[in-house]
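Residue numbers (the working numbering), protein chains in the order written: chain A, 5 to 424; chain B, 226 to 316.
Working notes, beginning with the structure itself.
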Amino acid sequence: MHSESGFMKALKCRECGREYPLAATHVCEFDFGPLEVVYDYDRIKKSLSRAAIADRPHTMWRYRELLPVANEPTVGKQVGFTPLVKADRLAKALGVREAWVKNDTVNYPTLSFKDRVVSVALSRARELGFSTVACASTGNLANSVAANAASAGMRAYVFIPADLEQGKIVNSLVYGANVIGIKGHYDEVNRLCAEIAGKYGWAFVNVNMRPYYAEGSKSMGFEIVEQLGWRIPEHTIVPMASGSLLTKIQKSYQELIKLGLTSESSYRVHGAQATGCSPISAAQKAGLDFFKPVKPNTIAKSLAIGTPADGFYALKVMKETNSAAEDVTDDEIRDAIKLLAETEGIFTETAGGVTVGVARKLIASGKIPAKDSIVLCITGNGLKTLDAVNGHAGQPREIKPSLREFEGILSPAERALVNA
Amino acid sequence: MAQKVRIPTPLRKLTNNEEVVEVSAATIGDAISELQTRYPGIKERLVDESGAVRRFVNVYVNEEDIRFLQNQQTSLKDGDEISIIPAIAGG
């Protein structure tokens, strides 16, 4: 059945509550507040149950009623339902009773959580009649827009800071997208894209499609709860760039409670930033409900947003849920990347290093009690940011193809492993 | 002392769809007042009841965020370009 709006009712300004039609528009004309999708939860309640979800394919679209498309998705139908890994070795290293890794390093098709938001944004863009899609990106979003647009036969323009990691640049170019490198940091890319979006009639996934796009992040939270046996985790640690993911994880938990799919429980959603770009965590630690923009300088380029659009809301969510924020240095990020790799066999990009590093700090400081259970949102794959760890992960030992040479380089302890 | 102001889409209804308008102002605060004189109603879209620039409005002078300058006291010179841009999401 074709529908104009599906389970959506309208767009609504988060600041003043004015309502707008379900078009490609993202800010309130009155106060520039961000617009958010309003759903018909009464109808959703009749359609969505644990049993109904269990019968559906293992993708993010099993929660389709809570995602903002009018009809069945047409782009990214395979995205999501990434593994939730019980991380016992990591838990032990962090000094916490139980840890889980929500592993979006293997999200389909471009190995980051951005595939979630892009499948929603592009499916909705098609419904609204667009054939050209675009984005401002720190890398992962560009990769995802490029790949998903290619598979959907849509034209793509992606705008990135020119100094991004090589892996992320190639990962956009290969799909045939038009890649524009901007000589500036992400906030400048963003500003330019806002101006381009105002002039060109394209679907900019994180500008005029933002109300739809951002909702895709909720699927990560839905999956975590379902994979834990319909239980909300005590602590979720979420990396913050614009702060959007943190607010949407919290929203996903609230929606599942509202729909009776899980029971009300107390939970915390902690925010993680890199010290070199920490406007939100700095504000949270200072007890402020507003942040001061910064000029980013960190290896965690995917989190390097100095003027975080959802910073106010992320601060509000952390305050309401009695959660904490913390930040880690570049060295701590690299250490944390190695820790996750060596304990769980999961190679994350720098943002995941931020998440693991912050978890370690929050546990060490007692803000996350050692007796509790945590979920770490690991949002992107380490193969994309090799530059960040290259030279810090050690070097292979090189020898000629000779047994004598091999045994010559072994330490006495290694030689003792002869029958291990 | 003339400056160009780029008007974002959500405000163009107030500027008769003009994308770029000229002002002649000494500071950002003055520029906002001048816009208000010519396009009544535009000021309340940009600043809140306390007079501060609204939290989801970003104002740039020659591509620099005024929060890194002197906010509304940021002084303007001839030929400066002012952009008014809504905050946008991450990527």
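Note that beta-carbon positions come from the ideal geometry of N, C-alpha and C, so glycine has one too.
**Report entry** Residues, ordered as in the chain, of the stretch 278-311 of chain A that lie near chain B by beta-carbon distance below 8 Å
**Finding:** PHE294, LYS296, PRO297, LYS299, ILE309, THR311
Query - As assigned by DSSP and simplified to three states, the class of MET5/A - result: Start at 1 with the first residue of the first sequence, and residue 5/A comes out as number 1. Residue confidence is low: MET5/A scores 48 on pLDDT, short of 50, so the model does not pin down where it sits. No coordinate-derived value is stated.
Query raised in the report: Are at least three pairs of beta-carbons, each pair with one atom in the stretch 237-251 of chain A and one in the stretch 381-395 of chain A, less than 8 Å apart?
Result: yes
**Report entry** Beta carbon of GLN277/A nearer than 8 Å to that of ASP331/A
**Finding:** Taking the first sequence and counting its residues from 1, one reaches residue 277/A at position 273. Taking the first sequence and counting its residues from 1, one reaches residue 331/A at position 327. For GLN277/A and ASP331/A, yes; Cβs fall inside 8 Å.
Query raised in the report: Where does LEU126/A sit, in a helix, a strand or coil, going by DSSP?
Result: Residue 126/A sits at position 122 when you count from the first residue of the first sequence. Looking at LEU126/A - three-state DSSP - the assignment turns out to be helix.
Query raised in the report: Relative to the C-alpha of THR279/A, which residue among THR311/A, LYS296/A, THR333/A, SER135/A is closest?
Result: To locate residue 279/A, count along the first sequence from 1; it is residue 275. For the residues THR311/A, LYS296/A, THR333/A, SER135/A, the minimum Cα distance to THR279/A belongs to THR333/A.
Report task. May I have the straight-line CA-CA distance separating TYR216/A from HIS396/A, to the nearest angstrom? Result -> Counting from one through the first sequence, the residue named residue 216/A turns up at place 212. Counting from one through the first sequence, the residue named residue 396/A turns up at place 392. Roughly 39 Å between the two C-alpha positions.
Query raised in the report: Near ASP290/B, which residues of its chain fall below 8 Å by C-beta distance, leaving aside the five closest residues on each side in sequence?
Result: Counting from one through the second sequence, the residue named residue 290/B turns up at place 65. Annotation for ASP290/B: ASN283, VAL284 place their beta carbon closer than 8 Å to its own, counting only its chain and skipping 5 residues before and after.
Query raised in the report: Mind pulling the chain A residues with CB within less than 8 Å of ASP290/B?
Result: Looking up residue 290/B in the second sequence gives position 65. Residues of chain A passing the Cβ test: ASP191, PRO297, THR311.
Query raised in the report: Under three-state DSSP, which class holds GLU76/A?
Result: Looking up residue 76/A in the first sequence gives position 72. DSSP places GLU76/A in coil when its eight states are reduced to three.
Report task. Pull up the CB-CB distance for ILE236/A and SER269/A, whole angstroms please, since I reckon it's below 8 Å. Result -> On the first sequence, position 232 is the one that residue 236/A refers to. On the first sequence, position 265 is the one that residue 269/A refers to. Right, their Cβ atoms sit about 5 Å apart.
Query raised in the report: Would HIS62/A be called buried (16 or more neighbouring beta carbons within 10 Å of its own) or exposed?
Result: To locate residue 62/A, count along the first sequence from 1; it is residue 58. Exposed: under 16 other Cβ atoms inside 10 Å.
**Report entry** Whole runs of the beta strand (DSSP E) within the stretch 230-311 of chain A, excluding any shorter than 3 residues
**Finding:** 239-243, 272-278
Requested in this report: Note down, in chain order, every chain A residue with its Cβ under 7 Å from the Cβ of VAL282/B.
Outcome: Taking the first residue of the second sequence as 1, we reach residue 282/B at position 57. The contacting residues are PHE36.
Query raised in the report: Can you name, in chain order, every residue of its own chain whose Cβ lies under 7 Å from the Cβ of LYS81/A, other than the five neighbours on each side?
Result: The residue given as residue 81/A occupies position 77 in the first sequence. So the qualifying residues of the chain are THR63, TRP65.
Query raised in the report: What residue from LEU343/A, ILE337/A, ALA328/A, ASP44/A has the CA that sits closest to SER369/A's CA?
Result: What you label residue 369/A is simply residue 365 of the first sequence in a count that begins at 1. Considering only alpha carbons, the answer is ALA328/A.
Report task. Would you kindly report the start and end of the unbroken alpha helix (DSSP H) that includes CYS197/A? Result -> What you label residue 197/A is simply residue 193 of the first sequence in a count that begins at 1. Counting along the chain, the alpha helix (DSSP H) containing CYS197/A begins and ends at 190-203.
Query raised in the report: Can you find at least 3 beta carbon pairs, one from the stretch 65-76 of chain A and one from the stretch 91-103 of chain A, that sit closer than 8 Å?
Result: no
Query - DSSP state of ASP290/B mapped onto helix, strand, coil - result: Taking the second sequence and counting its residues from 1, the one referred to as residue 290/B is at position 65. DSSP, reduced to helix, strand and coil, places ASP290/B within a strand of the structure shown.
Requested in this report: May I ask you to report which of helix, strand or coil DSSP gives GLY37/A?
Outcome: Reading the first sequence from its first residue, position 33 is the one you call residue 37/A. Three-state result, GLY37/A: coil.
Query raised in the report: Does any C-beta atom of chain B lie closer than 8 Å to the C-beta of GLU316/A?
Result: The count along the first sequence starts at 1 and reaches residue 316/A at position 312. Strictly speaking, residue 316/A in this sequence is Phe, with Glu absent from that position. It does; some Cβ of chain B falls within 8 Å.
**Report entry** Neighbouring residues, chain B, relative to ARG401/A (Cβ below 7 Å)
**Finding:** Numbered from its first residue, the first sequence carries residue 401/A at position 397. The premise fails here: ARG401/A is roughly 40 Å from chain B at the closest Cβ pair, so nothing lies under 7 Å.
Query raised in the report: Would you say PRO265/B reaches chain A, if we count a Cβ-Cβ gap shorter than 8 Å as a contact?
Result: As a working note, residue 265/B is residue 40 in the second sequence. Answer no: the Cβ-Cβ gap between PRO265/B and chain A never drops below 8 Å.
Report task. Inspect the beta-carbon positions of GLY220/A and VAL124/A and report whether they are closer than 8 Å. Result -> Along the first sequence, one-based indexing puts residue 220/A at 216. Along the first sequence, one-based indexing puts residue 124/A at 120. Closer than 8 Å, so yes.
Requested in this report: Determine the DSSP secondary structure at SER300/B, reduced to helix, strand or coil.
Outcome: Taking the first residue of the second sequence as 1, we reach residue 300/B at position 75. Three-state result, SER300/B: strand.
Query - LYS238/B to PHE134/A span [Cα, whole Å] - result: One-based indexing of the second sequence puts residue 238/B at position 13. One-based indexing of the first sequence puts residue 134/A at position 130. Between LYS238/B and PHE134/A, the C-alpha separation is close to 24 Å.
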